[in-house]
Amino acid sequence: MTRFTAVCTRSGNWWAISIPEIKGVHSQARRLDQVEAMAREAIALMLDVAPDSFELEVSPQLPPKVSHALVARRAAREADLAAERATAEAVRELLADGYTVRDAGRMLGISPQRVSQIAQATAAA
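Counting from 18, one number per residue, gives the positions in the sequence shown under the working numbering.
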């Protein structure tokens, strides 16, 4: 299946859309969620094909603050996953060493119920 990219840049109150793979194909959309439909329509008209007969990637040109926020959000997700793994390992070790669920929860800053959930999930895995 053919793949195209809809590169969109904010221009005033509109998103200017261009399809670099096809010379001369441009469109515009009021909102970013409308870009795909507008780009599909422009490509389909130019190539005389159905709008669902190709793959389309929408690639907005993001302001630096948005790019920074996305990087920070990705780092936060990765840190959260690392914390979950470390917590599960700590729960396993604490319970194996004879600590109570309440003590383990107190040390880890989570509820005893959460300690039990983690222990059960770890045992099932």
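Backbone N, C-alpha and C define an ideal beta-carbon position, used for all residues, glycine too.
The beta strand (DSSP E) enclosing residue i, as first and last residue numbers
i    : result
T117 : Premise fails: T117 is in no beta strand (DSSP E) and is neither H nor E.
S44  : H43 to A46
Cross-strand partners of residue i (DSSP beta bridge)
i   : result
T22 : E74
H85 : Paired residues: none, contrary to the question.
S28 : W31
Three-way DSSP call (helix, strand, coil) for residue i in this model
i    : result
A142 : coil
I135 : helix
E110 : helix
Burial state of residue i, where buried means 16 or more other Cβ atoms lie within 10 Å
i    : result
G122 : buried
R57  : buried
V88  : exposed
V108 : buried
L111 : buried
A44  : Reading off the sequence shown, one finds Ser at residue 44, where the question assumed Ala. The residue in question, S44, is buried, as its Cβ has 16 or more Cβ neighbours within 10 Å.
A140 : exposed
V132 : buried
A54  : exposed
Residue interval of the alpha helix (DSSP H) (run including residue i)
i   : result
A56 : V52 to L64
Alpha carbon of residue i to alpha carbon of residue j, nearest angstrom
i   : j   : result
V83 : P77 : 11 Å
Q51 : A93 : 29 Å
V42 : I60 : 7 Å
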